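Each remark here refers to the structure printed beneath this line.
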Amino acid sequence: MSWRRLTQLCEAPTVGHRCDDGNNDPTLIETAGDSMNKKDELGVLIESGAQNWQIFQRSDQDTASISLSGRWVTREKGYKKAVVVVRLVREADGEPVARDLQWVRARTSKSGTWKVTLDAVPAGGLYRLET
1 MSWRRLTQLC
11 EAPTVGHRCD
21 DGNNDPTLIE
31 TAGDSMNKKD
41 ELGVLIESGA
51 QNWQIFQRSD
61 QDTASISLSG
71 RWVTREKGYK
81 KAVVVVRLVR
91 EADGEPVARD
101 LQWVRARTSK
111 SGTWKVTLDA
121 VPAGGLYRLE
131 T
């Protein structure tokens, strides 16, 4: 499982303001950290969109949209399709933030990439993305 921790949505002065420590490793798999290399990557990897501890600008409706994309990787070669799902849960208890944000299906390609947008993410947090 790949995951990201997200901070609460707020009225930040800039869209996409980041509060992390600058380590932008987008392939957090079981906290592998800097020792992980390409041959160790497996599963659904988040490569763009949300960063660790990112704050998202909220709209007038107190919601935000989060667009994500990445790759899906298998040990076996030859797979041409996969089902990639993403959900947003509360960091404190792991419960889904909203029913519409529980296991949202991403669009996938035969080349092993995927993308999805989570709409109407409510203000609040801390949240965690899971794939």
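Using our numbering, you'd call the opening residue of the sequence shown number 1 and step up by one each time.
For each residue, glycine too, the CB sits at the ideal point set by N, CA and C.
Keep in mind that this is a model prediction, so the values were computed, not measured.
Does aspartate 60 come out as helix, strand or coil in the three-state DSSP assignment?
coil
Within 10 angstroms of its Cβ, does alanine 98 collect 16 or more other Cβ (buried), or is it exposed?
With fewer than 16 other Cβ atoms within 10 Å, it is exposed.
Thinking just about the alpha-carbon of each residue, which of Tyr79, Ile66, Ile55, Phe56 is nearest to the one in serine 111?
The shortest Cα separation from serine 111 among Tyr79, Ile66, Ile55, Phe56 belongs to Tyr79.
If you check the beta carbons only, do valine 44 and valine 84 fall under 8 angstroms apart?
yes
Where does arginine 99 fall in DSSP's three states?
helix
Could you tell me which of Asp119, Gly125, Gly124 sits nearest to alanine 64, measuring between CA atoms?
Asp119
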